[in-house]
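Single-structure report; data block below.
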Amino acid sequence: MNNKILIFVIFLNSIVGFATINDCNAVLKKRYEPSLTNTNVAADYFVNTPQELVTALSGVTAGGIIYISDINSSTYTFNAKISISKNGAAGNIISLLPNPANTTRIKFDFSSMAENSSNRAISLSGSYWHIKGIDVFGAGDNGLFISGNNNLIEFCSFSECKDSGLQIGNGGSNNTILNCDSFYNADSLIENADGFACKLDAGTGNKFVGCRAWQNLDDGWDGYLRGADNITTTYENCWAIKNGYLKNGTIGGGDGNGFKTGGSDLKDLKHNAIYKNCISAGNVFDGFDHNSNRGDVELFNCGALSNGRNISFSTTNIANFLKIKNTVSINSGASDGLSATTSDITHNSWQNGLVANASDYVSLDINLLISPRKSDGSLPDVDFMQLVSGSDLINQGIDVGLPYNGSAPDIGPFESATLGLEDLQIIGGVRNFPNPFSSETKVVFNLKQTSKIQMSVYNLIGIKVMELPKKTYLTGNHSIILNRNKLSSGNYLLVIEGSNSEKNSKIITIQ
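Here the working numbering is used: the first residue of the sequence shown is 189, the next is one more, and so on.
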């Protein structure tokens, strides 16, 4: 009986963008300047200085594109907050992007700002913006504060700010933070500043995908509520590393949690949280922290290593519902707390006679988690928590709707290479990152024998929209870069046909 390998991938629309500055008098004439780019691309604005950026942000309209160039300098220095209030629209976003001709990363330097709650670097109240490829440094408060909706922040970093690197509040909803890093954020009192914060009066439907937070003074992610209730935030493939430590490696005065799921002043508010394939490692206090959150929390295929307490859901101000599946907890500094009014906790590393320890993994070196990202912004491929062949954690999980190889999911954040296929194997759970992706993704597979491979892309109504040349691949590991090309946003099916067999396997699907 023939089968086919089915790879579901999402092509995320570049939905959401950057900002515009209020009350700017000058108008930068829209122009196409081929001298500023090595590719034949057009934009509404090309900017080369901070003032040109301010002017462009004032004049751009829905659907507009602003390219930031590094011709004069890759560092843009600001001493005042950039406020962004204009709106794009669904299908007509506003984009702030690096010029494709740039050779260096763009850095927005706000380090001349005094430490003050009014000195945020960028305030984004507009909706439908796409901000990509900017390093925000040294803000007097938040690096980026989002109160708008339906924005995409991609491949940016936020470091050494005096409050949370990126914060969502004031009702901001349905924002996606994709492949971003936030690190070394700390205030002068050494008691505050998170990596990321969807907290206080944030709206619902916000999502963090492929993000990392490390060595922030307070928490990696903070979900504390004040003014909002019963919202839901989703975290996918996010890593929280060594939070609670300062840049110099000493312990600060902050809370030091990896993921603070919620909490509130009166300990009565619900911040529902969904964690998929997330890692919390080496944080001073809790890896996954209850903090009197009264909502529903789900952990699917997560990993916790060497935190003060890996998983902490206490019997005080108890959570409403706690579901934990296919999750691993190793070297917790204190016994994990797994309490909730209702719980569904099965198929984890501490159940069914399983024991998880260093012998199950290629590496447990936490420092690998802060390796450089790939050129497209996706997470690095690391040996951390990759299961070795023969680990008793392989195929011991339960189907929770995430992709897996073999007869059942593995326990932990990464899938092992074993599919049990005759001539085609997908390595490492098809680490086709970024996912979602806007330009390209890498598909990795392993052949047990030399085979002629045909790869085709179909939409979900079965129409072939792309076909790669048929090619013979030798026995062993292979990787293929799949480019988005002209494909529109949506779900697609990559069909891989071997030379003498066809196999089916669901790889990636994102709602």
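Glycine included, every Cβ here is placed at the ideal spot set by N, Cα and C. Predicted, not measured: the structure shown is a model, and the values here were computed from it.
Identify the continuous alpha helix (DSSP H) that holds G247 and give its terminal residues. If you number the sequence shown from 1, residue 247 lands on position 59. For G247, the uninterrupted alpha helix (DSSP H) run begins and ends at 238-247, by DSSP.
Quick one, which of N339, N363, F346, N665 has its alpha-carbon nearest A381's? Position 193 of the sequence shown, counted from the first residue, corresponds to residue 381. Out of N339, N363, F346, N665, F346 has the C-alpha closest to the C-alpha of A381.
For A546, count neighbouring Cβ atoms within 10 angstroms of its own Cβ and tell me buried if that reaches 16, exposed if not. Here residue 546 refers to the residue found at position 358 when the sequence shown is read from its first residue. When all chains shown are included, A546 counts as exposed.
Return the chain-ordered ranges of every beta strand (DSSP E) run that is complete within the region 530-608 and spans a minimum of 3 residues. You should have 530-534.
Per DSSP, I378 is paired with what? Within the sequence shown, residue 378 is the residue found at index 190, counting from 1. According to DSSP, which records beta bridges pairwise, I378 is partnered with nothing at all.
Do G450 and D443 have their beta-carbon atoms positioned less than 9 Å apart in this structure? Taking the first residue of the sequence shown as position 1, residue 443 is located at position 255. Taking the first residue of the sequence shown as position 1, residue 450 is located at position 262. It is not a contact, given that the beta carbons lie outside the stated cut-off.
Nearest-angstrom Cα distance between A278 and G496? In the sequence shown, residue 278 corresponds to position 90, counting from 1. In the sequence shown, residue 496 corresponds to position 308, counting from 1. In this structure, the straight-line span from the alpha carbon of A278 to that of G496 is close to 43 Å.
Rounded to the nearest angstrom, what separates L354 and N404 at their Cα positions? Here the question's residue 354 lines up with position 166 in the sequence shown. Here the question's residue 404 lines up with position 216 in the sequence shown. Distance between the alpha carbons of L354 and N404: 12 Å.
Taking DSSP as the reference, what is the three-state secondary structure of K640? For this step, residue 640 is matched to residue 452 along the sequence shown. Three-state DSSP puts K640 in a strand.
Please report how far the alpha carbon of N519 lies from the alpha carbon of N436, in whole angstroms. One-based indexing of the sequence shown puts residue 519 at position 331. One-based indexing of the sequence shown puts residue 436 at position 248. The straight-line gap separating the alpha-carbon atoms of N519 and N436 is approximately 24 Å.
Start-end ranges of the beta strand (DSSP E) lying completely within the region 330-374, minimum 3 residues: As far as the region 330-374 is concerned, its whole beta strand (DSSP E) runs of at least 3 residues are 332-334, 340-342, 345-347, 354-356, 364-366, 369-371.
Checking the sheet assignment: what are the DSSP bridge partners for D474? Counting from 1 along the sequence shown, the entry for residue 474 is found at position 286. DSSP output for D474 lists R497 as bridge partner(s).
At least three beta-carbon pairs within less than 8 Å, the region 263-270 to the region 301-319: At 8 Å Cβ cutoff, the stretches touch.
So, are the CB atoms of Y423 and H459 less than 9 Å apart? Along the sequence shown, one-based indexing puts residue 423 at 235. Along the sequence shown, one-based indexing puts residue 459 at 271. Taking 9 Å as the cut-off, the beta carbon of Y423 is found no closer than this to the beta carbon of H459.
Quick one: using the 10 Å Cβ neighbour count with 16 as the cut-off for buried, is N418 buried or exposed? For the purposes of this step, residue 418 is identified with residue 230 of the sequence shown, where counting begins at 1. Result: exposed.
Could you name the residues of the same chain whose beta carbon sits closer than 6 Å to that of T420, not counting the 5 residues immediately before and after it, in chain order? Residue 420 sits at position 232 when you count from the first residue of the sequence shown. Within the same chain, T420 has close Cβ partners T392, N460.
Select from L656, S261, S644, P601 the residue whose C-alpha is nearest the C-alpha of G132. Examination of residue 132 is not possible in this model, given that the chain is present from 189 through 699 alone.
Spatial neighbours of N307 in its chain, beta-carbon cut-off 6 Å, leaving aside the 5 residues before and after: Start at 1 with the first residue of the sequence shown, and residue 307 comes out as number 119. Excluding positions up to five away in sequence, the list reads M301, G328, D329.
What's the C-alpha gap between L526 and V485? Along the sequence shown, read from residue 1 onward, the residue named residue 526 stands at position 338. Along the sequence shown, read from residue 1 onward, the residue named residue 485 stands at position 297. Counting only the Cα atoms, V485 lies some 11 Å from L526.
Residue range of the unbroken beta strand (DSSP E) whose run includes Y255: Position 67 of the sequence shown, counted from the start, is the residue given in the question as residue 255. From DSSP, the beta strand (DSSP E) with Y255 extends over 253-256.
Tell me the rounded alpha-carbon separation between G470 and N280. Counting from 1 along the sequence shown, the entry for residue 470 is found at position 282. Counting from 1 along the sequence shown, the entry for residue 280 is found at position 92. If I take the Cα positions, the gap works out to 42 Å.
Keeping to the same chain, check which residues put their C-beta closer than 8 Å to that of D297; ignore five residues upstream and five downstream. By 1-based counting over the sequence shown, the position of residue 297 is 109. Correct list, in chain order: T263, Y264, T265, F266, F325, G326.
How many Å lie between L675 and L590 at the Cα? As a first step, residue 675 is located in the sequence shown; it is residue number 487 there, counting from the start. As a first step, residue 590 is located in the sequence shown; it is residue number 402 there, counting from the start. L675 and L590 have their C-alpha atoms spaced approximately 24 Å apart.
In angstroms, rounded to a whole number, what distance separates the CA positions of Y463 and I365? The residue you call residue 463 lines up with position 275 of the sequence shown. The residue you call residue 365 lines up with position 177 of the sequence shown. Straight-line Cα distance between these residues: approximately 14 Å.
Taking Cβ positions, are N481 and S452 nearer each other than 9 Å? Counting from one through the sequence shown, the residue named residue 481 turns up at place 293. Counting from one through the sequence shown, the residue named residue 452 turns up at place 264. The Cβ atoms of N481 and S452 sit closer than 9 Å to each other.
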